[in-house]
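The structure under discussion appears below in the form of structure tokens.
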Amino acid sequence: MAEIMHAQICTDEPAGFSPTAPTAPTAPTAPTAPPRERSFASRRPPGGPRPQATPPPRRRHAPNGSPPAPAQRAELVLRRLHRLIAPRFARAEPRDRAFAFLRGMVLSAERRNASRLAESAGEPRPDGMQRLLTTARWDADELRDDLRDVIVEHLGAPDAVLVLNEQGFAKKGDRSVGVARQFSPSSGVVENCQVAVFLTYAAPRAQAIIDRELYLPAGWARDPVRRSAARVPADVPFRGPGRLGWEMLDRALAAGVPAAWVAAEAPFGTDAELRRRLAGRAIPHVLGLASATRPGVIGLGGGRRVAPEEVAASIPAHEWLTTTDRDDPVRRGGACHSARVPLRRTGNGGLDEWLLVRRDGRGTRLYACAAPRAATLRELAEVARQAELAPQCAASARREVGLDHYEVRLWKAWYRHITLGLLAHAGVTLAGTGTAP
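Note that our numbering has the sequence shown beginning at 2, numbered continuously upward.
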């Protein structure tokens with residue numbers, strides 16, 4: 002135990018590891034007043050025309066006066082979201098097709114590729130949907146900012162957690178941007194896939210993804226032929242997941258997103274540069290070092306290296322905290338046991354450091370923690386739990402809106418599909434929580 006009190010974190014992984022929108026059927030009732038425009042929705046490109054937003058839908062109720070069915074409620078939210086993003090499209094064609102795209106992602110029960118989405122919009126060919134993702138003039142990063150703003154406006158809380166999470170998208174062939182034979186965080190095995198890094202906003206009411214980046218493997222980043230074929234911008238260098246994560250965090254913090262913690266599962270805790278940047282900004286964080294699918298070790302004095310199970314075995318029984326969350330889809334009501342080992346104490350109001358150990362049916366996991374001295378074990382455990390729940394948010398986006406159903410090869414098209422998908426999933430999330438833009 003004395004050795005662990007002075008443990009220094011180290012790993013085997015290097016730093017930086019890694020048509021007009023279809024009109025909805027209406028009941029024979031008077032239309033409701035249009036919802037009030039949000040302040041940020043009034044923005045438009047300097048000198049550009051004022052876009053015509055989607056007309057407000059008529060509110061639909063069941064015969065007994067009950068609220069709209071889930072699908073109807075989701076479409077109402079989507080129409081309001083579309084009014085918020087309408088200023089981002091200078092021309093009517095892509096602006097209206099964007100709504101058809103969002104609506105198709107939410108309401109379609111089949112694969113949500115360009116052909117299926119065109120069918121759902123009543124278009125005979127997929128060319129229009131493909132143009133929306135490739136050559137139409139609009140900026141996916143502007144929509145990303147609108148996505149973040151609407152999530153913060155309706156779910157924002159000062160005690161929220163910003164969670165970094167990796168996702169793998171299995172793909173065939175080798176021409177889609179960033180695809181390579183690499184470890185997939187989603188399947189837990191090495192396979193032919195793309196890897197994305199997401200920033201999830203974990204609020205008390207719900208979780209929602211607010212930012213995204215595509216990991217470009219070194220083999221891609223250093224190959225001018227492949228970069229040119231996929232139209233990767235010349236100013237995009239090789240960036241590991243930790244660097245991509247920090248860039249998204251930096252954007253969120255610069256935009257004033259309210260949050261008290263940053264969290265992530267392994268392997269983000271193995272990135273010393275990411276931990277250094279967070280500590281330099283005095284941002285409390287809980288970052289995963291090792292897990293069942295991301296095995297790792299920590300280094301002790303004298304060059305001794307130990308596995309997570311060894312650390313857990315050295316902690317006295319009375320120092321463990323047991324928690325049960327019956328609404329947790331990860332453990333499904335099972336108990337989780339957490340304990341912490343102090344690593345370093347700082348003065349002058351700095352962040353103290355701990356090693357957090359968590360054990361349950363999924364195995365033993367280690368987290369590098371930095372927080373004010375008053376932080377309790379229960380707080381650290383809850384932040385880690387939010388990190389463990391983040392993959393469920395991404396899984397919901399796959400299931401509810403077909404986030405991984407894209408068939409695109411180009412850099413810009415990937416970002417456009419994913420951004421529209423996240424916006425569609427935000428609509429589903431807000432409809433489910435009873436909030437609407």
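Here a beta-carbon is modelled for each residue, glycine too, at the ideal position from N, C-alpha and C.
Discussion item. Assuming proline 242 is part of the alpha helix (DSSP H), what are its boundary residues?
Written reply: 242-255
Discussion item. So, does the segment 111-125 touch the segment 150-162, judging by three or more C-beta pairs under 8 Å?
Written reply: no
Worksheet item: For arginine 282, which option in Ala267, Gly270, Ala255, Gly289 has the closest C-alpha, if you only look at C-alpha atoms?
Response: Ala255
Discussion item. Less than 7 Å between C-beta atoms, sequence neighbours within five positions excluded: which residues of the same chain meet that for arginine 232?
Written reply: Leu411, Trp412, Lys413
Fill in: Cβ shell of proline 159 (< 7 Å), same chain only, five flanking positions each side left out
Pro259, Ala261
Discussion item. Helix, strand or coil for leucine 215? Go by DSSP, reduced to three states.
Written reply: strand
Discussion item. If you reduce the DSSP assignment to three classes, tell me which class aspartate 405 lands in.
Written reply: coil
Worksheet entry | For leucine 290 and tyrosine 368, believed in contact at Cβ under 8 Å, the rounded distance | 6 Å
Discussion item. What does the alpha-carbon distance come out to for the pair aspartate 361 and alanine 171?
Written reply: 28 Å
Worksheet item: Among Val237, Glu311, Leu77, which residue has its Cα nearest to the Cα of glutamate 214?
Response: Val237
Worksheet entry | alpha helix (DSSP H) runs wholly inside the segment 90-138, at least 4 long, in chain order | 93-108, 115-121, 128-135
Discussion item. Taking only three categories from DSSP, how would you classify arginine 345?
Written reply: strand
Fill in: Status (buried if at least 16 other CB within 10 Å, exposed otherwise) for histidine 286
buried
Worksheet item: So leucine 144 packs on threonine 420, CB below 8 Å; how close in whole Å?
Response: 5 Å
Discussion item. Could you tell me the alpha carbon to alpha carbon distance between alanine 280 and histidine 338, rounded to whole angstroms?
Written reply: 27 Å
Discussion item. With DSSP as the reference, identify every bridge partner of glutamine 195, one or two as the case may be.
Written reply: Phe170
Worksheet entry | Cβ pair count under 8 Å reaching 3, the segment 201-213 against the segment 388-398 | yes
Discussion item. Starting from threonine 365, trace the alpha helix (DSSP H) in both directions and tell me its first and last residue.
Written reply: It is not in any alpha helix (DSSP H) - threonine 365 instead sits in the beta strand (DSSP E) that spans 364-372.
Discussion item. So if DSSP puts arginine 182 in a beta bridge, which residue, or which two residues, is it bridged to?
Written reply: Asn193
Discussion item. With a threshold of 6 Å on Cβ separation, who are the neighbours of serine 177 within its own chain once the five nearest residues in sequence on each side are excluded?
Written reply: Arg410
Worksheet entry | Where valine 162 falls, given that 16 or more other Cβ within 10 Å makes a residue buried | buried
Worksheet entry | Pairwise C-alpha distance: glutamate 311 and threonine 434 | 42 Å
Discussion item. Could you compute how far the alpha carbon of valine 342 sits from the alpha carbon of glycine 174?
Written reply: 46 Å
Discussion item. Counting beta carbon pairs with one atom in the segment 83-92 and one in the segment 363-380, are three or more of them shorter than 8 Å?
Written reply: no
Item to complete: In angstroms with no decimal places, state the Cα-to-Cα distance between alanine 99 and valine 358.
Response: 45 Å
Worksheet item: How many angstroms separate the CA atom of methionine 130 from the CA atom of alanine 197?
Response: 23 Å
Discussion item. Rounded to the nearest angstrom, what separates threonine 271 and proline 186 at their Cα positions?
Written reply: 15 Å
Item to complete: Note down the Cα distance separating arginine 417 from arginine 182, rounded to an integer number of angstroms.
Response: 24 Å
Item to complete: Going by CA-CA distance only, name the one from Ala395, Arg363, Arg346 that's closest to glycine 335.
Response: Arg363
Fill in: Close-in-space but distant-in-sequence residues of the same chain around proline 225 (CB under 6 Å, 5 per side omitted)
none
Worksheet item: For tryptophan 139, which residues of its own chain have a beta-carbon under 7 Å away from its beta-carbon, when the five flanking residues on both sides are left out?
Response: Arg89, Phe90, Pro95
Discussion item. If distances are taken between C-alpha atoms only, which option among Arg92, Asp353, Asp128 comes closest to leucine 381?
Written reply: Asp353
Discussion item. Taking the alpha-carbon of phenylalanine 239 as reference, which of Arg252, Gly246, Ala222 has the nearest alpha-carbon?
Written reply: Ala222
Fill in: C-alpha distance - alanine 432 paired with leucine 156, whole-angstrom precision
12 Å
Item to complete: Could you have a look at serine 229 and say whether DSSP puts it in helix, strand or coil?
Response: helix
Worksheet item: Using the rule of at least 16 other Cβ atoms within 10 Å of the residue's Cβ for burial, across every protein chain shown, is valine 263 buried or exposed?
Response: buried
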